[in-house]
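Enquirer: Structure below; questions to follow.
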Amino acid sequence: MRILLGCFLLGLTAFGLWAAAKPLLANYYERSAAKALEKQQYPKALAAYQQALRYRPDSPNINLLVARTARRAGNFSTAREHLQRCRELQSGVSEEQQVEGYLLRAQTGEVDEVFNYLLPYLIQEGPLTPLVLESLSRAYMGKYRSDLAWSFLSRWNEMQPTNVEAIFWRGTWYAQQQNTREAAADFRRALELDPERIDIRLTYAEIIRADKQFTEVAEEYRTVLRQSPGNADAILGLAQAYLELGKTNEAREQLAVIPPDKREAAAYLWMSGMVEFRSDRPELAEPLLRRTLESDPRNVDACYNWMLCLRALGRDSEATQARERFEQIEKDQKRLIQLTTQEFHAHPTNAELRCELGEIYLRMGLHERGIYWLHAALKLAPTCRRAHEQLRDHFEAVGGPDSAGKADFHRQQLANLR
1 MRILLGCFLL GLTAFGLWAA AKPLLANYYE RSAAKALEKQ QYPKALAAYQ
51 QALRYRPDSP NINLLVARTA RRAGNFSTAR EHLQRCRELQ SGVSEEQQVE
101 GYLLRAQTGE VDEVFNYLLP YLIQEGPLTP LVLESLSRAY MGKYRSDLAW
151 SFLSRWNEMQ PTNVEAIFWR GTWYAQQQNT REAAADFRRA LELDPERIDI
201 RLTYAEIIRA DKQFTEVAEE YRTVLRQSPG NADAILGLAQ AYLELGKTNE
251 AREQLAVIPP DKREAAAYLW MSGMVEFRSD RPELAEPLLR RTLESDPRNV
301 DACYNWMLCL RALGRDSEAT QARERFEQIE KDQKRLIQLT TQEFHAHPTN
351 AELRCELGEI YLRMGLHERG IYWLHAALKL APTCRRAHEQ LRDHFEAVGG
401 PDSAGKADFH RQQLANLR
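Residue numbers for the sequence shown follow the numbering used here, so the first one is 1 and each next one is one higher.
Structure (structure tokens):
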């Protein structure tokens with residue numbers, strides 16, 4: 001009996017300790033998340049808020065913070081889930097909850113529909129204004145509305161000049177406009193403020209690679225690998241930098257570090273093919289470059305070097321076809337830049353331009369983007385025959401019950417247009 005009583009008392013004590021510890025643990029993780037948010041480290045902050053939620057699962061405030069941080073990290077499904085949970089737990093609708101719903105809609109394609117609801121936060125500045133500016137900047141960049149995106153980015157940077165994310169997105173805007181000098185300057189500034197941002201360092205390395213600063217590129221990738229050993233993007237980037245510096249053996253050594261389960265990725269196949277090509281082994285390079293294009297149809301460099309391999313192997317007919325494909329990819333990429341940096345700005349409601357962008361993305365193998373822009377064209381002009389035809393043909397090619405139903409839908413829409 002005494003043993004049972006002792007066990008019961010011990011259990012009560014443990015329960016009491018656990019009950020007392022839960023709020024302390026929740027507070028600890030909330031503070032960790034807040035600290036990560038000071039440098040806009042959204043994935044890290046999200047992980048901390050999710051830990052806090054384990055100890056306060058019924059907190060509407062923590063659910064709202066999880067939703068907000070998930071949205072800012074680009075995890076929209078998690079954002080929706082926790083915003084809905086916040087609504088269920090909270091009696092009535094708070095201003096922050098309502099604004100968060102609008103920001104989530106803005107970043108998932110409905111920015112024009114919710115803009116008027118967010119306008120008061122632009123007219124009268126307050127604590128939510130930077131969140132609104134961030135969301136609108138990202139939403140309009142996603143729609144290639146460079147004029148509107150720039151107006152919100154500029155104001156966001158003025159309000160928060162040391163905000164790493166604001167500087168990063170301004171650099172991304174410059175990169176979209178093909179202004180690599182200003183983009184590189186912003187990425188450098190962001191890294192000065194937060195040297196731990198591996199995503200920004202990788203982006204910066206890509207930007208300076210375009211200016212052929214290969215020695216500096218290699219050092220940036222080595223920095224990433226010191227911070228994150230085994231980072232596949234950095235390993236492949238360093239291999240490419242070595243290759244451009246004429247260090248073929250060093251490039252081959254880098255590729256050997258890639259785990260076997262990642263060796264079917266297009267980036268690995270591309271670099272492996274280029275190492276063999278630079279080693280004067282076109283017979284080994286050709287299949288690797290061909291497989292690269294099967295995985296990544298938009299890789300213009302892989303297509304060009306594949307063509308050279310085919311010529312070196314005496315396969316002239318195939319080389320001619322590869323050259324035609326290379327010219328089409330190059331043409332598509334030039335047109336994509338023209339559309340997204342000039343014509344969308346000049347013609348913000350032109351359905352044909354959005355349809356053309358959708359077609360380019362489908363040819364590049366970026367099917368989700370292609371479908372998005374074809375639907376965007378139909379939203380502006382529901383009777384756009386060209387968009388319905390492209391969607392019909394795409395879903396017919398994909399096959400499967402779900403795609404067959406979608407193809408039938410667009411086939412019927414075309415029949416109704418006759």
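For every residue, glycine included, the Cβ atom is placed at its ideal position computed from N, Cα and C. Predicted, not measured: the structure shown is a model, and the values here were computed from it.
In or out: Ala14 buried (at least 16 other Cβ within 10 Å) or exposed?
Expert: Caution applies to Ala14, whose pLDDT of 47 falls short of 50 and renders its modelled position unreliable; the value that the coordinates give is listed next. That one is exposed.
Enquirer: Measuring only the C-alpha atoms, how far is Thr69 from Cys86?
Expert: 14 Å
Enquirer: Using the C-alpha atoms, what's the distance from Arg392 back to Leu378?
Expert: 13 Å
Enquirer: Which word fits Asn249, buried or exposed, when buried means at least 16 other C-beta atoms lie within 10 angstroms of its C-beta?
Expert: The Cβ neighbour count for Asn249, taken over all protein chains shown within 10 Å, is under 16; the residue is labelled exposed.
Enquirer: Tell me the DSSP secondary structure of Gly142 in three-state form.
Expert: helix
Enquirer: Note the first and the last residue of the continuous alpha helix (DSSP H) segment covering Gly405.
Expert: Per DSSP, Gly405 is one residue of the alpha helix (DSSP H) stretching across Pro401 to Leu417.
Enquirer: Just to confirm the assignment, what range does the alpha helix (DSSP H) spanning Arg278 have?
Expert: Start and end: Ala266 to Arg278.
Enquirer: Which two residues bound the contiguous alpha helix (DSSP H) that contains Glu195?
Expert: Correcting the residue type first, residue 195 is Pro in the shown sequence and not Glu. Unbroken run through Pro195: none, as it is neither H nor E.
Enquirer: Please check the pair Ala381 and Glu396, which I expect to be a contact at CB under 8 Å, by giving their CB distance rounded to whole angstroms.
Expert: With 8 Å as the limit, Ala381 and Glu396 do not qualify as a contact, their Cβ atoms being about 22 Å apart.
Enquirer: Assign Gln84 to buried or exposed, taking buried as 16 or more other Cβ atoms, counted over all protein chains shown, within 10 Å of its Cβ.
Expert: exposed
Enquirer: Alpha carbon to alpha carbon, how far is Ser91 from Leu374?
Expert: Cα to Cα, the separation comes out at about 40 Å.
Enquirer: Is it buried or exposed, Asn416, if we count other Cβ atoms within 10 angstroms and call 16 or more buried?
Expert: exposed
Enquirer: Which term fits Ala251, buried or exposed, when burial requires 16 or more other beta carbons within 10 angstroms of its beta carbon?
Expert: buried
Enquirer: Could you check what DSSP says for Ala14 in three-state terms: helix, strand or coil?
Expert: Any reading at Ala14 needs caution, since the residue's pLDDT is 47, under 50, leaving its predicted position unreliable; the model's value is listed next. Reduced to three states, the DSSP call for Ala14 is helix.
Enquirer: Does the beta-carbon distance from Ala319 to Arg311 come in below 9 Å?
Expert: Yes. Within cutoff.
Enquirer: Work out the CA separation of Tyr204 and Ala188 for me, nearest whole Å.
Expert: Here residue 188 turns out to be Arg, not Ala, going by the sequence shown. If you take the alpha carbons of Arg188 and Tyr204, they lie about 7 Å apart.
Enquirer: For Gly405 and Arg411, I'd like the C-alpha separation in whole angstroms.
Expert: 10 Å
Enquirer: What separation, rounded to the nearest whole angstrom, lies between the Cα atoms of Gln333 and Arg54?
Expert: 47 Å
Enquirer: Quick check on Lys247: does DSSP put it in helix, strand or coil?
Expert: coil
Enquirer: Using only alpha-carbon positions, find the residue among Gln240, Phe326, Gln41 and Asn299 that is nearest to Met307.
Expert: Phe326
Enquirer: Look at the alpha carbon of Ala73 and the alpha carbon of Ile198, and state the distance between them as a whole number of angstroms.
Expert: 14 Å
Enquirer: Excluding the five sequence neighbours on either side, which residues of its own chain have a C-beta within less than 6 Å of the C-beta of Leu104, listed in chain order?
Expert: The residues are Arg71 and Ala79.
Enquirer: What separation, rounded to the nearest whole angstrom, lies between the Cα atoms of Arg226 and Gly109?
Expert: 38 Å
Enquirer: How should His82 be labelled, buried or exposed, when 16 other C-beta atoms within 10 angstroms of its C-beta is the threshold for buried?
Expert: buried
Enquirer: Using the Cβ count rule (16 or more neighbours within 10 Å means buried), how would you classify Asn305?
Expert: buried
Enquirer: Going by the beta-carbon positions, is the gap between Arg181 and Leu191 smaller than 9 Å?
Expert: no
Enquirer: Just the C-alpha distance for Glu389 and Glu368, rounded to the nearest angstrom, thanks.
Expert: 16 Å
Enquirer: Buried or exposed: where does Lys143 fall if 16 or more other Cβ atoms within 10 Å of its Cβ makes it buried?
Expert: Label assigned to Lys143: buried.
Enquirer: Rounded to a whole number of angstroms, what is the C-alpha to C-alpha distance between Ala183 and Asp58?
Expert: 43 Å
Enquirer: Could you tell me which of Gln321, Cys355 and Thr349 sits nearest to Arg335, measuring between CA atoms?
Expert: Cys355
Enquirer: Kindly provide the ranges of any alpha helix (DSSP H) runs that are 4 or more residues long and lie completely inside the stretch 345-393, ordered along the chain.
Expert: 351-363 and 367-380
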